[in-house]
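A.B. asks: One structure, as structure tokens, below. Some questions next.
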Amino acid sequence: MEKAEVNKVLPEQMTATVEPKAAETNQGPTEKQKRDRRDKIKGIFGAIAANLVLAFFSILVLFPLVFMVISSFRDNMDYLGKVIDLFPKKLTFDNYQLISTYVNLGRGYLNTMVIEIAVIPCGTFFAALAAFAFAKLKLRHKSFWLLFLLSGMMIPGAVLLMPRYLAYQILGWINTPLPLIVPHLFIHVSMMFFFIQYMMGIPSELFEAAKIDGCSTFRMFLQIMLPLLLPAIAAQCIFWFMGIWNEYFAASIYLSGDNATLQVMMASLNQTAGGSGLFPVVFSGAVLSCLPMVAIYLVLQKFFIKSMSIGAVKG
Amino acid sequence: MEKKENRIAFLFILPPIISFTIFTIIPLICAFIIALGDFNTANFNYTFVGFSNFAKLLSMNNSYGKTFLNCVVNTLSFVIEVPIAIFLGLIAATLANAKGCKKTNRVWRLLIYLPAVCSAVASNVIWRVIFMDGGTADSAGVINSLLHIDVRWLHERIPLLTAIIIKNSINSMGSAMILYYASMCNISKDYYEAADLDGANGLQKFTKITFPMLTPVTFYLLIMRLSGCLQSYADSYIFAAGRNEARSVVYFIWFYGLHEYNYSIASAAALLLGVAIMIITIVQFRLSNRWVLDL
Chain W
1 MEKAEVNKVL
11 PEQMTATVEP
21 KAAETNQGPT
31 EKQKRDRRDK
41 IKGIFGAIAA
51 NLVLAFFSIL
61 VLFPLVFMVI
71 SSFRDNMDYL
81 GKVIDLFPKK
91 LTFDNYQLIS
101 TYVNLGRGYL
111 NTMVIEIAVI
121 PCGTFFAALA
131 AFAFAKLKLR
141 HKSFWLLFLL
151 SGMMIPGAVL
161 LMPRYLAYQI
171 LGWINTPLPL
181 IVPHLFIHVS
191 MMFFFIQYMM
201 GIPSELFEAA
211 KIDGCSTFRM
221 FLQIMLPLLL
231 PAIAAQCIFW
241 FMGIWNEYFA
251 ASIYLSGDNA
261 TLQVMMASLN
271 QTAGGSGLFP
281 VVFSGAVLSC
291 LPMVAIYLVL
301 QKFFIKSMSI
311 GAVKG
Chain E
1 MEKKENRIAF
11 LFILPPIISF
21 TIFTIIPLIC
31 AFIIALGDFN
41 TANFNYTFVG
51 FSNFAKLLSM
61 NNSYGKTFLN
71 CVVNTLSFVI
81 EVPIAIFLGL
91 IAATLANAKG
101 CKKTNRVWRL
111 LIYLPAVCSA
121 VASNVIWRVI
131 FMDGGTADSA
141 GVINSLLHID
151 VRWLHERIPL
161 LTAIIIKNSI
171 NSMGSAMILY
181 YASMCNISKD
191 YYEAADLDGA
201 NGLQKFTKIT
211 FPMLTPVTFY
221 LLIMRLSGCL
231 QSYADSYIFA
241 AGRNEARSVV
251 YFIWFYGLHE
261 YNYSIASAAA
271 LLLGVAIMII
281 TIVQFRLSNR
291 WVLDL
């Protein structure tokens, strides 16, 4: 902001020194300079206003997070005495230690990571494989099969909840991570669709040449397509990772106790510790559950935002 | 050769097809069967009752119908968030794209998108404390003490629904902003130069060039956010702590299905929700050719 103030003064001085000269020669440039000057001042005020509004939006959006982080380090009695204190004098790590009396958050991390590692590599591979067939291979009834798979995106998860739950109960999968892994191992429709779009942009000549050289279809996929697809894979995987990390509804239905994922543990911490008024403990849990994702986001911010935009514009 | 490639290609798409059939098509058919009958989870007894479960949900003469109507109304009021978030995102993106923010826009985009990375659980937990209202055993909330007001945000219908709309608008503004911003950067400068030559002012340029060029993003956001809102669950379960005033349709399905073990009513409600989402999506696609620019 200070920089903008400086800029605001400088042009005025500059135009002020130039103006008399111009006035001597003729009338035209003065008018133009006046307009330029007006535009410049307008631009500076515009810049200040725009940045102020965006700063306001940022505060609006970030206040809850900042409040959460700061309060997580505050003493509980202190907190109950005065809820809002963004510059507390006394900071403590007690809340973070107290989490373990309610939930085993370490297990939560582990359980979530088990699902991430089991699902993402396998799911991505099969999504890419199917996308390769749709984008580059000859296939009878191609559009039918594509529509068939895409129709799944229209069906809300809640519709399938009861029959799936019943089936998992019969199979003995309740309170195991299997319901959150197995249905996603071979199919991820939106990812597949994104890959198809991406592969359409890769020239088919590459594969025709390989075919003439006697390369098998599967090797063509593995050795030519997969390496070319890597940017798209990275862009999609980061959002899949985030989706699984933050997934709550299904996880809360199938998992409980020590088998629960991080988010489910977080919700039960909210019920137990929050229920007995220990809000700073809940906040410290929330901080720990968000921290990995926020760290990844801050480190990979450029990549994150770019991936998001291409994902939406194309998919 | 042709036949062989065809076979291999089919082999490649077989895993998703099988998985889709097992985990989506068959459960979907089962959901219809369960919804059309009276299913007892204790002894797996099933009697066919036709559409009576749907009739129960849609008539006001019984407790299911009344509860369901309440959930439908609540869910529909969650949807108010969608235009607000899209509008805020559009404003933020327009400002970030302005000349004056050339150096700063990266920081603003980074900050405003940040809440989208945090989980719904953590965000609901924290917003709950922010809207706390000194009611039963709760400590004073942040908003009430900041503004020196005494609104019962978490205990009365209108304040509770308002709170949910406010928090969701703020949280989902970031992704709208990022998408709009990226799309604005892709608009060719030629259009604006031509408009300058014709003497168009800033507002005209926005309404005649920027906004029409952004309609595909608006359409995408509408489709995604609407179906997301109609399926919201954490808002009811965590933010509103299951209070009757803010139960959503998915909460209803969870509650009657997995809490009360009435699978048939839950499945019927889920199918109604699915049909509603499908109709809304199809109508949006149908209407899209009237306002969405075909790029």
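So the protein sequences, as listed, match chains W and E.
The C-terminal residue of the first sequence carries number 315 in my numbering, and the numbering is unbroken.
The C-terminal residue of the second sequence carries number 295 in my numbering, and the numbering is unbroken.
Every residue, glycine too, gets a C-beta built ideally from N, C-alpha and C.
Owing to the predicted nature of the structure, the values given are computational and were not obtained by experimental measurement.
Buried or exposed: Phe45/W, going by 16 or more other Cβ atoms within 10 Å of its Cβ?
C.D. replies: Exposed.
A.B. asks: Cys290/W: buried (16+ other C-beta within 10 angstroms of its C-beta) or exposed?
C.D. replies: So Cys290/W counts as buried.
A.B. asks: Shorter than 9 Å from the beta carbon of Leu273/E to some beta carbon of chain W?
C.D. replies: Yes, its Cβ sits closer than 9 Å to a Cβ of chain W.
A.B. asks: When the cut-off is 9 Å and only beta carbons count, does Val294/W lie next to chain E?
C.D. replies: Yes - at least one Cβ of chain E is within 9 Å of the one on Val294/W.
A.B. asks: Excluding the five sequence neighbours on either side, which residues of its own chain have a C-beta within less than 6 Å of the C-beta of Trp153/E, listed in chain order?
C.D. replies: Within the same chain, Trp153/E has close Cβ partners Phe131, Asp133, Pro159, Ala163.
A.B. asks: Using CA atoms only, rank isn't needed, just tell me which of Leu288/W, Ile212/W, Ser268/W, Leu255/W is closest to Asn111/W.
C.D. replies: For the residues Leu288/W, Ile212/W, Ser268/W, Leu255/W, the minimum Cα distance to Asn111/W belongs to Leu255/W.
A.B. asks: Thinking C-beta only, is Ser72/W closer than 9 Å to Val287/W?
C.D. replies: In contact: Val287/W and Ser72/W (Cβ atoms closer than 9 Å).
A.B. asks: Would you mind telling me which residues of chain E sit closer than 8 Å to Phe132/W, beta carbon to beta carbon, in chain order?
C.D. replies: Those within 8 Å of Phe132/W in chain E are Phe12.
A.B. asks: Is there contact here, the segment 187-198 of chain E with the segment 71-90 of chain W, by at least three beta-carbon pairs under 8 Å?
C.D. replies: Segments in contact, no.
A.B. asks: Is there a Cβ of chain E sitting closer than 9 Å to that of Ile120/W, yes or no?
C.D. replies: No - not a single Cβ of chain E is within 9 Å of the one on Ile120/W.
A.B. asks: Sort Asn246/W, Asn95/W, Phe249/W by Cα distance to Phe283/W and report the nearest one.
C.D. replies: When each option's Cα is compared against that of Phe283/W, the closest is Asn95/W.
A.B. asks: Is Gly201/W helix, strand or coil when you go by DSSP?
C.D. replies: Coil at Gly201/W, not helix or strand.
A.B. asks: Is the CB of Ile233/W under 9 Å away from at least one CB in chain E?
C.D. replies: It does not; no Cβ of chain E falls within 9 Å.
A.B. asks: Please report how far the alpha carbon of Ala135/W lies from the alpha carbon of Ser204/W, in whole angstroms.
C.D. replies: Those two C-alpha atoms are separated by around 9 Å.
A.B. asks: Looking at the structure shown, is Phe39/E part of a helix, part of a strand, or coil, going by DSSP?
C.D. replies: In this structure, Phe39/E counts as strand in the three-state DSSP scheme.
A.B. asks: Can you list, in chain order, the residues of its chain with a C-beta nearer than 7 Å to that of Asp258/W? Leave out the 5 residues immediately preceding and following it.
C.D. replies: Once the five neighbours on either side are set aside, the close Cβ partners of Asp258/W are Asn104, Arg107.
A.B. asks: Does the beta-carbon distance from Pro179/W to Arg164/W come in below 9 Å?
C.D. replies: Cβ distance < 9 Å, so Pro179/W and Arg164/W count as in contact.
A.B. asks: Select from the segment 124-157 of chain E all residues with a C-beta closer than 9 Å to any C-beta belonging to chain W, and list them in chain order.
C.D. replies: Answer in chain order: Asn124, Val125, Ile126, Trp127, Arg128, Val129, Ile130, Met132, Ala137, Asp138, Ser139, Ala140, Gly141, Val142, Ser145, Leu146.
A.B. asks: Judging by CA-CA distance, which residue of Ser172/E, Asn201/E, Phe211/E is the nearest neighbour of Asn186/E?
C.D. replies: When each option's Cα is compared against that of Asn186/E, the closest is Phe211/E.
A.B. asks: Looking at the strands, I want to know which residues DSSP matches up with Tyr46/E.
C.D. replies: In the DSSP output, where bridge partners are listed per residue, Tyr46/E has Phe39/E.
A.B. asks: Is Asp294/E helix, strand or coil by DSSP?
C.D. replies: Three-state DSSP puts Asp294/E in coil, outside helix and strand.
A.B. asks: Are the C-beta atoms of Glu24/W and some chain E residue less than 9 Å apart?
C.D. replies: A caution first: Glu24/W carries a pLDDT of 49, below 50, which makes its placement in the model too unreliable to give a value.
A.B. asks: Would you check if the segment 157-175 of chain W and the segment 198-217 of chain W touch, i.e. whether three or more CB-CB distances between them fall below 8 Å?
C.D. replies: No, because fewer than three Cβ pairs between the segment 198-217 of chain W and the segment 157-175 of chain W fall closer than 8 Å, the two stretches do not touch.
A.B. asks: Relative to the C-alpha of Leu185/W, which residue among Ala127/W, Phe144/W, Phe195/W is closest?
C.D. replies: Selected option, being the one with the closest Cα: Ala127/W.
A.B. asks: Establish whether the CB of Tyr297/W and some CB of chain E are separated by less than 9 Å.
C.D. replies: Chain E contact via Cβ: present.
A.B. asks: Would Ile253/W pass as a contact of Leu161/W if the rule is Cβ separation under 9 Å?
C.D. replies: In this structure, Leu161/W lies closer than 9 Å to Ile253/W by Cβ.
A.B. asks: Measuring straight from C-alpha to C-alpha, what distance separates Gly199/E and Ala49/W?
C.D. replies: Going by the C-alpha atoms only, they are around 24 Å apart.
A.B. asks: Less than 8 Å between the CB atoms is what I'm expecting for Ile155/W and Leu28/E, so what's the real figure, rounded?
C.D. replies: Indeed they touch by this definition, with Cβ atoms about 7 Å apart.
A.B. asks: Do the segment 189-198 of chain W and the segment 260-276 of chain W make contact, defined as three or more Cβ pairs closer than 8 Å?
C.D. replies: Result no; under three Cβ-Cβ pairs closer than 8 Å.
A.B. asks: In three-state terms, what does DSSP make of Asp75/W?
C.D. replies: Here Asp75/W sits in coil by DSSP.
A.B. asks: Shortest alpha-carbon distance to Gln169/W belongs to which of Ile8/E, Phe239/E, Ala42/E, Ile25/E?
C.D. replies: The shortest C-alpha separation from Gln169/W is found at Ala42/E.
A.B. asks: May I ask you to report which of helix, strand or coil DSSP gives Asp258/W?
C.D. replies: If DSSP states are grouped into helix, strand and coil, Asp258/W belongs with the helices.
A.B. asks: Anyone know if the C-beta pair for Ala295/W and Gly285/W falls short of 9 Å?
C.D. replies: No; because the gap between Cβ atoms is not below 9 Å, this pair is not in contact.
A.B. asks: Just checking: is the beta-carbon of Pro115/E within a distance shorter than 9 Å of some beta-carbon in chain W?
C.D. replies: Yes, because at least one Cβ of chain W sits closer than 9 Å to the Cβ of Pro115/E.
A.B. asks: Which of the three DSSP states, helix, strand or coil, is assigned to Asp94/W?
C.D. replies: Looking at Asp94/W - three-state DSSP - the assignment turns out to be helix.
A.B. asks: Exposed or buried, what is Leu148/E when buried is set at 16 or more other beta-carbons lying within 10 Å of its beta-carbon?
C.D. replies: Correcting the residue identity first, residue 148/E is His in this sequence and not Leu. So His148/E counts as exposed.
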